[in-house]
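Trainee:
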Amino acid sequence: MKIRLENIVKRFDDNTAVDDFSAVIESGELVTLLGPSGCGKSTMLNMLSGILYPTEGKIYFDEDDVTYMSSEKRGVGLVFQNYALYPHMTVLENICFPLEIKKVPKKERIEKAKKMAELVHVETMLNRKPGQLSGGQQQRVAIARALVKEPRLLLLDEPLSNLDARLRIEMREEIRRIQLETGVTTIFVTHDQEEAMSISDHIILMKLGVLQQYDKPQYLYDQPANCFVADFLGNPPINKVEGVVKGGKVLLGPNEEDSLVKVDNVPDGTPVYLSFRSESVILDDKSPLRAKVVLTSVMGKEIITSFVLAGKEVRGYMNSDVELQRDQEIGIRFKKTGVFVFDRESGERYL
Amino acid sequence: MSNKSRNTETNSDRHIVKEPISFGRILTYVVLFAGAIIMIFPFYWMITGAFKTYQEVNLIPPTLFPSNPFNLENFIYAFKTAPFGRYFINSVLALLGCITTCSFTTILAAYAFSRLRFPGRELVFSLLLSLMMVPYEMIIITNYRTIVQWKLHDTIWALILPFMSSIFYTYILKGFFDSVPESLYQAAKVDGCSDWKYLWRVMVPMAKSSLATIILLNSIATWNSFLWPMIATNSKDVRTLPFGLYAFMTEGGQRNERMMAASTIVVIPMIIIFLFARKYIISGMSRGGIKG
Numbered sequence: 001m002k003i004r005l006e007n008i009v010k011r012f013d014d015n016t017a018v019d020d021f022s023a024v025i026e027s028g029e030l031v032t033l034l035g036p037s038g039c040g041k042s043t044m045l046n047m048l049s050g051i052l053y054p055t056e057g058k059i060y061f062d063e064d065d066v067t068y069m070s071s072e073k074r075g076v077g078l079v080f081q082n083y084a085l086y087p088h089m090t091v092l093e094n095i096c097f098p099l100e101i102k103k104v105p106k107k108e109r110i111e112k113a114k115k116m117a118e119l120v121h122v123e124t125m126l127n128r129k130p131g132q133l134s135g136g137q138q139q140r141v142a143i144a145r146a147l148v149k150e151p152r153l154l155l156l157d158e159p160l161s162n163l164d165a166r167l168r169i170e171m172r173e174e175i176r177r178i179q180l181e182t183g184v185t186t187i188f189v190t191h192d193q194e195e196a197m198s199i200s201d202h203i204i205l206m207k208l209g210v211l212q213q214y215d216k217p218q219y220l221y222d223q224p225a226n227c228f229v230a231d232f233l234g235n236p237p238i239n240k241v242e243g244v245v246k247g248g249k250v251l252l253g254p255n256e257e258d259s260l261v262k263v264d265n266v267p268d269g270t271p272v273y274l275s276f277r278s279e280s281v282i283l284d285d286k287s288p289l290r291a292k293v294v295l296t297s298v299m300g301k302e303i304i305t306s307f308v309l310a311g312k313e314v315r316g317y318m319n320s321d322v323e324l325q326r327d328q329e330i331g332i333r334f335k336k337t338g339v340f341v342f343d344r345e346s347g348e349r350y351l
Numbered sequence: 352m353s354n355k356s357r358n359t360e361t362n363s364d365r366h367i368v369k370e371p372i373s374f375g376r377i378l379t380y381v382v383l384f385a386g387a388i389i390m391i392f393p394f395y396w397m398i399t400g401a402f403k404t405y406q407e408v409n410l411i412p413p414t415l416f417p418s419n420p421f422n423l424e425n426f427i428y429a430f431k432t433a434p435f436g437r438y439f440i441n442s443v444l445a446l447l448g449c450i451t452t453c454s455f456t457t458i459l460a461a462y463a464f465s466r467l468r469f470p471g472r473e474l475v476f477s478l479l480l481s482l483m484m485v486p487y488e489m490i491i492i493t494n495y496r497t498i499v500q501w502k503l504h505d506t507i508w509a510l511i512l513p514f515m516s517s518i519f520y521t522y523i524l525k526g527f528f529d530s531v532p533e534s535l536y537q538a539a540k541v542d543g544c545s546d547w548k549y550l551w552r553v554m555v556p557m558a559k560s561s562l563a564t565i566i567l568l569n570s571i572a573t574w575n576s577f578l579w580p581m582i583a584t585n586s587k588d589v590r591t592l593p594f595g596l597y598a599f600m601t602e603g604g605q606r607n608e609r610m611m612a613a614s615t616i617v618v619i620p621m622i623i624i625f626l627f628a629r630k631y632i633i634s635g636m637s638r639g640g641i642k643g
C-alpha cells in the first residue's frame, strides 16, 4: 500500500512536534523514521496508526483519506517497544486476539495464528505465557500478532531497543526477512542509525519535527542534505573543522590554512564547516596541509589515527606502511567523496 | 542431570546446617509463638467451650479440653431457639448481593478513572477520595433516612443497597489499572477492540489478584458488619448472623456454652474462606507494577 503524507503538522499546545511533513512511501517498502529522541518520529507513527490525529495536513493510504479515521478501520498492525503482549494469555491466544475481535470463527483463527507463529518461528511455544519467553521471542510474538489480521501497513515503534546487542542484530534481520516474505509495507521507528541503515529501503531522517532528508541509506551517507544529516550518520562520527570561504577556497582554523577543498558560488567570508568522513583522508607528505598526530589505535583490520588539524582533533583511517608517532607532523589531503562543506549557521550544504 | 541436582541439594543442605542457631533467631521464634498463642487461644476457647456442658464451663479450674467432644447439645439449642439457619441465609444473600454489585461498579469506576478521558476526571476522583474521610457513623444517619423513605427498611435490600459501590476498593483497583502499560490499550485499540471488551477481556483477567483481594476484604466486612444491620433491620427474617448472635445473647441469658456454640456457627464460614484465600489478601495489596 502506498502512503502519502501531505503537509502534516502536529501541535501539542504550543509545542510543534511535527512540522510541515510531506513524504510518499511506496508500496511494499520498509521505510525507517530515524532521528534523535524528541524529533517527532513516534508522533508521526502514532498519526499513521490513528492513535493521534494531525493538527493540519492529510494522510492517504493509497487513494483513501485516512487523516481522521479511527485506528481500527485503518488496517494497521502495530508493534511496541515493550511488546505490549497480554500477560494473562498464552502465545496462541495473544496472536488470535486481533482475529477474535474481528469475530473470525475460532477454527480459522487458530489456523491463521499457527501459520503466523511459523513465520516468526515461535510455533513451538504456543501454550506458553509471555512471561516465560525471552525478549526476542516476545518480540516475535508481538510481530505475529500485528501481522495476523493481514494489515495494509505494519508499524514498528523502536522494536529492538529493549533487546541486548546480539539479539538486536538477529531480530533486525528477522524483521527484514518477515517483511520481505509478507511484502507488507512497513514503517520502522528507531534512533539507532546502524539499525536504520542495515534494514531499510529508504530512510526518513527527522530533526525537531522537520523532515531533513528522505533517501536510500547509502545516499543519506554519501550525499547528506545538510550538516545535521552528515553529523547524525556514520560511525565514527563525521569530522568537523571550522573554516571560512575565500576566493572559492575553504580555509581552516584561525590561521586560515588552505584545505585544498574548493567550493563554487559561495561569497567570500562565509563561515563554514569542512566535514569529512574518517575514510576520506589520505596521507600525503607532499601536501601543504599539515596536521599533528595525537594517537593511533589499531582497530583490527584498520588503524585509526587521531590528529590535530587547524586546532581541532579529528580522526581518520590511514593507510600507512610507516608507523606514525605521537607528535609527528604529517601532510594530508582529502578524497573526492565523503568531504562536504556546510554553512556554519544554516547547515546548508555547499559541497 | 538428577545427579547434578542432588549435588546442589546437598550443598544447600550443608549450607543451612552450617548456619549457627543464633540467640536472635530463638528470640524471634519465641515471640512469634507467643503471639500466635495469644491470637489463636480465644478461638480455641470459643470452639471447645461450645462442646462443654453448663457445669463444665463453670468449673474452676477450667478444663482445657471438653470431657465429651461430641456434645452437640449447645448447637442444637442455638439452632432451636434462634433461627441461625435463616440468619445464615440472610448473611449469605447480603454478602452475594454486596460483592457482585460492588465488584461490578468498582471495576467500571476504576476503569473510567484510570483509562477514559473525560473533563473533570481528576477533580471528581479527588472529591470521591475526600469522601473517604467522612466517618461511617455519619453516613449511617442519612442512609437510614433514605432507606426508610424508599420503604426498604427491614428488607434484605437495605443490607445491600448502601454497599453497592466503594470508593476504597475503586481506589485500590484504579491503582492496579494505572500500572498496566498504555501500549496494551493502544495495541487493542488498533486491533479494533472496544473499551468494554478490552476491560473484560484484558484488564479484568490481569487484575485477578487485585480483584480477589477486593472481594475478600468486602466479604469479611459484609459478613462482620453489625451496626448497619442492627439499625436497618428488625425482624428475625432479615437479621444477619452478627446481629442475630447479639440478639441471641441478650435474649438467651448468660449461658456461656450456648453463646460459644452460636459464635462458632457465625465465625466458621469466614475462617474457612480465609484459610483458602489468605494469600490473595497480601499479594493483592502489595502488587504494584507488572512485568512488561
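Note that the protein sequences, when read in sequence, are chains F and U. Residue numbers are given in our numbering: position 27 of the first sequence equals residue 27, and the series is strictly consecutive. Residue numbers are given in our numbering: position 52 of the second sequence equals residue 403, and the series is strictly consecutive. Cβ atoms here follow ideal geometry from the backbone N, Cα and C, with glycine treated the same way.
1) Spell out a yes or no on whether the segment 482–495 of chain U and the segment 553–560 of chain U are touching, meaning 3 or more CB-CB pairs, one atom from each, closer than 8 Å.
2) Can you pull the chain U residues whose beta carbon is under 8 Å from the beta carbon of residue 72 of chain F, in chain order?
3) Is DSSP giving residue 580 of chain U helix, strand or coil here?
4) Here's a check: name, in chain order, each residue in its chain whose Cβ is nearer than 8 Å to the Cβ of residue 529 of chain U, leaving out the five neighbours to either side.
5) If you compare alpha carbons, which of U:549, U:527, U:526 is closest to residue 537 of chain U?
6) Is there contact between the segment 58–78 of chain F and the segment 511–519 of chain U, where contact requires at least three CB pairs shorter than 8 Å?
7) Counting only Cβ pairs nearer than 9 Å, list the residues of chain U close to residue 101 of chain F.
8) Got a sec: which bits of the segment 36–64 of chain F sit with their beta carbon under 8 Å from any beta carbon on chain U, in order along the chain?
9) According to DSSP, is residue 643 of chain U helix, strand or coil?
10) Using only alpha-carbon positions, find the residue among F:291, F:24, F:299, F:39 that is nearest to residue 309 of chain F.
11) Below 8 Å on the Cβ atoms is my contact criterion, and I expect residue 157 of chain F with residue 97 of chain F to pass it. Report the Cβ-Cβ distance as a whole number of Å.
12) Just confirm the distance between the C-beta atoms of residue 248 of chain F and residue 264 of chain F, as a whole number of angstroms; I'd bet it's less than 8 Å.
13) For chain F, find out if any of its Cβ atoms is closer than 7 Å to the Cβ of residue 390 of chain U; answer yes or no.
14) Please compile the residues from chain F whose C-beta is within a distance smaller than 7 Å of the C-beta of residue 557 of chain U.
15) Could you spell out the range, first to last residue, of the alpha helix (DSSP H) harbouring residue 109 of chain F?
16) When the Cα atoms are used, what is the spatial distance from residue 354 of chain U to residue 128 of chain F?
17) Taking Cβ-Cβ distances shorter than 7 Å, what residues in chain U pair up with residue 76 of chain F?
18) Whole angstroms are fine: how far does the CA of residue 372 of chain U sit from the CA of residue 360 of chain U?
19) Answer yes or no: do residue 509 of chain U and residue 492 of chain U have a C-beta to C-beta separation smaller than 7 Å?
20) So, is the C-beta of residue 159 of chain F closer than 7 Å to a C-beta in chain U?
21) Check the Cβ-Cβ distances between residue 105 of chain F and every residue of chain U, and say whether any is below 7 Å.
22) Quick check on DSSP: helix, strand or coil for residue 410 of chain U?
23) Cβ closer than 8 Å: which chain U residues qualify as neighbours of residue 149 of chain F?
24) Around the C-beta of residue 180 of chain F, are 16 or more other C-beta atoms found within 10 angstroms, so that it is buried, or is it exposed?
25) I'd like the list of long-range same chain contacts for residue 221 of chain F, defined as Cβ closer than 8 Å, with 5 residues on each side in sequence excluded.
26) With C-beta atoms as the reference, is residue 76 of chain F less than 7 Å away from residue 43 of chain F?
27) Pull up the distance between the alpha-carbon of residue 346 of chain F and that of residue 227 of chain F, whole angstroms please.
28) What are the start and end residues of the beta strand (DSSP E) that includes residue 217 of chain F?
29) Run the CB neighbour count on residue 386 of chain U, radius 10 Å, all protein chains shown included, and call it buried at 16 or more, exposed below.
30) Rank U:615, U:419, U:441, U:397 by C-alpha distance to the C-alpha of residue 506 of chain U and give the top, closest one.
31) For residue 98 of chain F, which residues in chain U fall below 8 Å Cβ to Cβ?
32) What did DSSP end up calling residue 514 of chain U once you bin it into helix, strand or coil?
33) State the beta-bridge partners of residue 605 of chain U as determined by DSSP.
34) Enumerate in chain order the residues of its own chain whose CB-to-CB distance from residue 438 of chain U is below 7 Å, with the five nearest sequence positions on each side excluded.
35) Please state if the CB of residue 599 of chain U and the CB of residue 612 of chain U are separated by a distance shorter than 7 Å.
36) Can you give me the start and stop residues for the alpha helix (DSSP H) that residue 145 of chain F sits inside?
Mentor: Let's see:
1) no
2) For the purposes of this step, residue 72 of chain F is identified with residue 72 of the first sequence, where counting begins at 1. Chain U residues near residue 72 of chain F: 540, 541, 542, 543, 544.
3) The residue given as residue 580 of chain U occupies position 229 in the second sequence. Three-state DSSP puts residue 580 of chain U in a helix.
4) Within the second sequence, residue 529 of chain U is the residue found at index 178, counting from 1. Here the set comprises 465.
5) In the second sequence, residue 537 of chain U corresponds to position 186, counting from 1. When only C-alpha atoms are compared, the closest one is U:549.
6) no
7) The residue labelled residue 101 of chain F in the question sits at position 101 within the first sequence. Result: 539, 542, 543, 544, 545, 548, 552.
8) 49, 50, 51
9) Here residue 643 of chain U refers to the residue found at position 292 of the second sequence. Interpretation of residue 643 of chain U is limited by its pLDDT of 32, a score under 50 that renders its predicted location unreliable; no figure is taken from the coordinates.
10) Along the first sequence, one-based indexing puts residue 309 of chain F at 309. The shortest Cα separation from residue 309 of chain F among F:291, F:24, F:299, F:39 belongs to F:291.
11) Indexing the first sequence from 1 puts residue 157 of chain F at position 157. Indexing the first sequence from 1 puts residue 97 of chain F at position 97. Not confirmed; about 19 Å, so no contact.
12) Locating residue 248 of chain F in the first sequence gives position 248, counting from the first residue. Locating residue 264 of chain F in the first sequence gives position 264, counting from the first residue. Going by Cβ atoms, the distance from residue 248 of chain F to residue 264 of chain F rounds to 6 Å, so yes, they are a contact pair.
13) Numbered from its first residue, the second sequence carries residue 390 of chain U at position 39. It does not: the Cβ of residue 390 of chain U has no partner Cβ on chain F nearer than 7 Å.
14) Here residue 557 of chain U is taken as the residue at index 206 of the second sequence, counted from 1. Residues of chain F passing the Cβ test: 87, 88.
15) In the first sequence, counting from the first residue as 1, residue 109 of chain F sits at position 109. Unbroken alpha helix (DSSP H) run through residue 109 of chain F: 106–119.
16) Residue 354 of chain U sits at position 3 when you count from the first residue of the second sequence. Residue 128 of chain F sits at position 128 when you count from the first residue of the first sequence. With a pLDDT of only 43 at residue 354 of chain U, under 50, the local geometry of the prediction cannot be trusted, and the value read off the model is given with reservation. The straight-line gap from Cα to Cα measures roughly 28 Å.
17) Stepping through the first sequence from its first residue, residue 76 of chain F is reached at position 76. In chain order: 541.
18) Sequence index remark: in the second sequence, residue 360 of chain U carries index 9 (1-based). Sequence index remark: in the second sequence, residue 372 of chain U carries index 21 (1-based). Caution is warranted here: a pLDDT of 42 is assigned to residue 360 of chain U, below 50, making its placement in the model unreliable, and the coordinate value is therefore given only provisionally. Approximately 21 Å between the Cα atoms of the pair.
19) Working through the second sequence from its first residue, we reach residue 509 of chain U at position 158. Working through the second sequence from its first residue, we reach residue 492 of chain U at position 141. No. Outside cutoff.
20) As a working mapping, residue 159 of chain F is identified with position 159 in the first sequence. Answer no: the Cβ-Cβ gap between residue 159 of chain F and chain U never drops below 7 Å.
21) Start at 1 with the first residue of the first sequence, and residue 105 of chain F comes out as number 105. Not closer than 7 Å to any Cβ of chain U, the Cβ of residue 105 of chain F fails to qualify, so no.
22) Taking the first residue of the second sequence as position 1, residue 410 of chain U is located at position 59. If DSSP states are grouped into helix, strand and coil, residue 410 of chain U belongs with coil.
23) Against the first sequence, residue 149 of chain F aligns to sequence position 149. Ordered by position in chain U, the residues that pass the 8 Å Cβ test against residue 149 of chain F are 542.
24) Mapped onto the first sequence, residue 180 of chain F falls at position 180. Flag for residue 180 of chain F reads exposed.
25) Taking the first residue of the first sequence as position 1, residue 221 of chain F is located at position 221. 197, 233, 234, listed in sequence order.
26) Taking the first residue of the first sequence as position 1, residue 76 of chain F is located at position 76. Taking the first residue of the first sequence as position 1, residue 43 of chain F is located at position 43. No, the pair does not count as a contact, with Cβ atoms beyond the cut-off.
27) On the first sequence, residue 346 of chain F is found 346 positions in, with the first residue counted as 1. On the first sequence, residue 227 of chain F is found 227 positions in, with the first residue counted as 1. The alpha-carbon atoms of residue 346 of chain F and residue 227 of chain F are separated by roughly 8 Å.
28) Reading the first sequence from its first residue, position 217 is the one you call residue 217 of chain F. Residue 217 of chain F -> not in any beta strand (DSSP E); alpha helix (DSSP H) instead, spanning 217–222.
29) Position 35 of the second sequence, counted from the start, is the residue given in the question as residue 386 of chain U. Flag for residue 386 of chain U reads exposed.
30) Here residue 506 of chain U corresponds to residue number 155 of the second sequence, with the count starting at 1. The option with the nearest alpha carbon to residue 506 of chain U is U:441.
31) Working through the first sequence from its first residue, we reach residue 98 of chain F at position 98. Ordered by position in chain U, the residues that pass the 8 Å Cβ test against residue 98 of chain F are 542, 543.
32) For this step, residue 514 of chain U is matched to residue 163 along the second sequence. Helix, per DSSP.
33) Reading the second sequence from its first residue, position 254 is the one you call residue 605 of chain U. The partner list for residue 605 of chain U (beta bridge, DSSP) is empty, contrary to what the question assumes.
34) As a first step, residue 438 of chain U must be located in the second sequence, where it is residue number 87. Correct list, in chain order: 590, 591, 592, 595.
35) For the purposes of this step, residue 612 of chain U is taken as residue 261 along the second sequence, with counting starting at 1. For the purposes of this step, residue 599 of chain U is taken as residue 248 along the second sequence, with counting starting at 1. Taking 7 Å as the Cβ cut-off, residue 612 of chain U and residue 599 of chain U do not qualify as a contacting pair.
36) Here the question's residue 145 of chain F lines up with position 145 in the first sequence. Unbroken alpha helix (DSSP H) run through residue 145 of chain F: 135–147.
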